[in-house]
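*Asks:* In mature numbering (1 follows the signal peptide of the UniProt record, and there is no 0), the protein residues as written are -18 to -1, 1 to 370.
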Amino acid sequence: MLSQIASVLGVILLAVLAIPLSTHLRLSGVYPPRNATKPVSPKLSTTRCATVADNLNIACETLATNPQFGVAYLACENPLSRSRYNPGFHAVDPAFSGHGAVYSMNLKNNKVSKLDIPNLPVNLSILGLDFYVKDATTAIINVINHHPTGARIETLSHKKGSTTLDFVDSVESKSLFNWPNSIATMPDGSFYVTSGLVGKTLAAKIAETMLPLPWGSILYYNAATQKTRVVAKDIQFSNGIAKSPNNEFIYAAGSTSGALHVYKVIDPETGALKLVEKVALDFYLDNVSVHPRTGAVYVTGHSNGPRFLMAMANPTVYARSSGSLVAKVVNNTGEDVFYGHKYKSSLVFVGDDPLFATASHVVVAPDFKKTIFGSLFSKGVVVCDWEL
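1. Alpha carbon to alpha carbon, how far is LYS182 from ARG211?
2. Return the residue from the list ALA234, SER239 and ASN204 that minimises the CA-CA distance to LYS246.
3. Quick check: what's the CA-CA separation for ALA57 versus ILE108?
4. By the DSSP assignment, the alpha helix (DSSP H) with TYR300 in it spans what residues?
5. Can you tell me whether DSSP reads HIS273 as helix, strand or coil?
6. Hey, PRO76 and PRO130 are a contact pair by Cβ (cut 8 Å); roughly how many whole angstroms apart?
7. Between ALA166 and LYS225, how many whole angstroms is the CB-CB distance? I'm expecting something under 8 Å.
8. Name the one or two DSSP bridge partners that HIS129 has.
9. Kindly confirm or deny that the segment 187 to 194 and the segment 77 to 84 touch, where touching means at least three C-beta pairs closer than 8 Å.
10. Looking at the secondary structure, which residues open and close the beta strand (DSSP E) in which ARG66 lies?
11. Starting from PHE331, follow its DSSP beta bridges and name the residues at the other end.
12. Could you tell me which of LEU255, TYR280 and TRP368 sits nearest to ASP268, measuring between CA atoms?
13. Please report the straight-line C-alpha distance between LEU26 and GLU154, rounded to a whole angstrom.
14. Around the Cβ of ILE248, are there at least 16 other Cβ atoms within 10 angstroms (buried) or fewer (exposed)?
15. Please report the straight-line C-alpha distance between LEU99 and TYR85, rounded to a whole angstrom.
16. Who are residue 396's beta bridge partners in DSSP?
17. So, LEU358 versus CYS31, is the Cβ gap smaller than 8 Å?
18. For ALA301, does the count of other Cβ atoms within 10 angstroms reach 16, so buried, or fall short, so exposed?
19. If you measure between the beta carbons of VAL175 and LEU201, is that distance less than 8 Å?
20. What first and last residue would you give for the alpha helix (DSSP H) that runs through LEU45?
21. Please determine, among ARG275, ALA189, THR207 and ALA206, the residue with the shortest C-alpha to C-alpha distance to THR238.
22. Please list, in chain order, all residues of the same chain as ARG8 whose beta carbon is under 8 Å from its beta carbon, the five residues on each side excluded.
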């Protein structure tokens, strides 16, 4: 009898594990084999790309372009600090916290400068950032700060041409934020943030990642009422987030499902969202950006799960072997739109060159005919003189 029970339990266990195993094999391009081995567009040449600011010993995980000011904002950390202090992954060595900073890159000459924040009340362990232009000379930047005392969203003010930022305010909500990952700021100062890897222990985070479990969510902070609420749930490792140029849609990445979640904003006051579609992509998704003119969505991610985990554990040794991918998602104008497929995707960039190792974010600057790649662990940012 015991052997029969054990056999039944074994079959059940194998059935339960088969789904997550097949998911990770698919996202790592093992089975089915990833059929795209080169970029879709033949015009892209990595010889027209170069690393800038690698001498500053910073890795810039998140980027945002402000063409009105002629700059890109960069969320940067020392690469080793990011691997040793990352509460979302249960890496919490306090000696490596507080080493983050906001940098700006001149979109004309690619010069990178640190933006000092003289009145910031706490040290900065930076992850995501976004901004809105308040007026012709002022931009308001929201920065995710993984401070050891709890997650915070720092609000900073940037004057056009200045190399300093002024601290404005902080938003703290320990019960809700739980180490947010990415942020999308709306024109009124409200914002959406993703909350992924919510497990309180290392074992819970491993289970959430490997099974993978839909514990991730999206939260909305209303700047007028100063209240935060959950507006979307059931996302497998809720990661990157971005808004459409008209602020009517929100795009969020489910890292361990390989799905881009497309939401329509149905109430700007409450931030309420309606899920429109999940666009399946065959890699581990990281950050999301949107073309400022066309509205095309760019999703950057990692091509091989085990290699990326090795890079996280020891970026000095393994980061250069962790490849990256970029997919482009656009409105579907094909015949299959009749069957409910509102969006279509294509793989537009394969970063198998060490130049693009651990790339986590890509943004385009059409006014300057440039594409910029940010990375979790590779030093500096990569600037290409073509538009993805």
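Each residue gets a CB set at the ideal place from its N, CA and C atoms; glycine is no exception.
Since we're looking at a predicted model, the values are computed, not measured.
*Replies:* By the coordinates alone:
1. Against the sequence shown, residue 182 aligns to sequence position 200. Against the sequence shown, residue 211 aligns to sequence position 229. About 20 Å.
2. If you number the sequence shown from 1, residue 246 lands on position 264. Check the Cα spacing between LYS246 and each of ALA234, SER239 and ASN204: the tightest is with ALA234.
3. Here residue 57 corresponds to residue number 75 of the sequence shown, with the count starting at 1. Here residue 108 corresponds to residue number 126 of the sequence shown, with the count starting at 1. C-alpha separation (whole angstroms): 6 Å.
4. The residue labelled residue 300 in the question sits at position 318 within the sequence shown. Counting along the chain, the alpha helix (DSSP H) containing TYR300 begins and ends at 297 to 300.
5. Reading the sequence shown from its first residue, position 291 is the one you call residue 273. Coil at HIS273, not helix or strand.
6. The residue given as residue 76 occupies position 94 in the sequence shown. The residue given as residue 130 occupies position 148 in the sequence shown. The beta carbons of PRO76 and PRO130 sit about 6 Å from each other, so the pair counts as a contact at 8 Å.
7. Walking along the sequence shown from the start, residue 166 turns up at place 184. Walking along the sequence shown from the start, residue 225 turns up at place 243. The beta carbons of ALA166 and LYS225 sit about 5 Å from each other, so the pair counts as a contact at 8 Å.
8. Position 147 of the sequence shown holds residue 129. GLY132.
9. Taking one beta carbon from each stretch, the segment 187 to 194 and the segment 77 to 84 have fewer than 3 pairs nearer than 8 Å; the two do not touch.
10. As a position in the sequence shown, residue 66 is number 84, starting the count at 1. Counting along the chain, ARG66 falls outside any beta strand (DSSP E), though it belongs to the alpha helix (DSSP H) covering 61 to 66.
11. As a first step, residue 331 must be located in the sequence shown, where it is residue number 349. VAL308.
12. Along the sequence shown, read from residue 1 onward, the residue named residue 268 stands at position 286. The candidate whose alpha carbon is nearest that of ASP268 is TYR280.
13. Taking the sequence shown and counting its residues from 1, one reaches residue 26 at position 44. Taking the sequence shown and counting its residues from 1, one reaches residue 154 at position 172. Between the alpha carbons of LEU26 and GLU154 lies a distance of about 43 Å.
14. Locating residue 248 in the sequence shown gives position 266, where the first residue counts as 1. It is exposed - the Cβ of ILE248 has fewer than 16 other Cβ atoms within 10 Å.
15. Residue 99 sits at position 117 when you count from the first residue of the sequence shown. Residue 85 sits at position 103 when you count from the first residue of the sequence shown. It is Ile, not Leu, that sits at residue 99 in the sequence shown. Put simply, the backbone Cα of ILE99 is about 11 Å away from that of TYR85.
16. Residue 396 is absent from the model: the chain starts at -18 and stops at 370.
17. Position 376 of the sequence shown, counting from 1, holds the residue named residue 358. Position 49 of the sequence shown, counting from 1, holds the residue named residue 31. Cβ distance not < 8 Å, so LEU358 and CYS31 don't count as in contact.
18. One-based indexing of the sequence shown puts residue 301 at position 319. When all chains shown are included, ALA301 counts as buried.
19. Here residue 175 refers to the residue found at position 193 of the sequence shown. Here residue 201 refers to the residue found at position 219 of the sequence shown. At the C-beta level, VAL175 and LEU201 come within 8 Å of one another.
20. For this step, residue 45 is matched to residue 63 along the sequence shown. Premise fails: LEU45 lies in the beta strand (DSSP E), 41 to 48, not in any alpha helix (DSSP H).
21. Along the sequence shown, read from residue 1 onward, the residue named residue 238 stands at position 256. With respect to the C-alpha of THR238, the residue from ARG275, ALA189, THR207 and ALA206 having the closest C-alpha is ALA189.
22. Within the sequence shown, numbered from 1, the residue matching residue 8 stands at position 26. Around ARG8: PRO14, GLY240 and ASP264.
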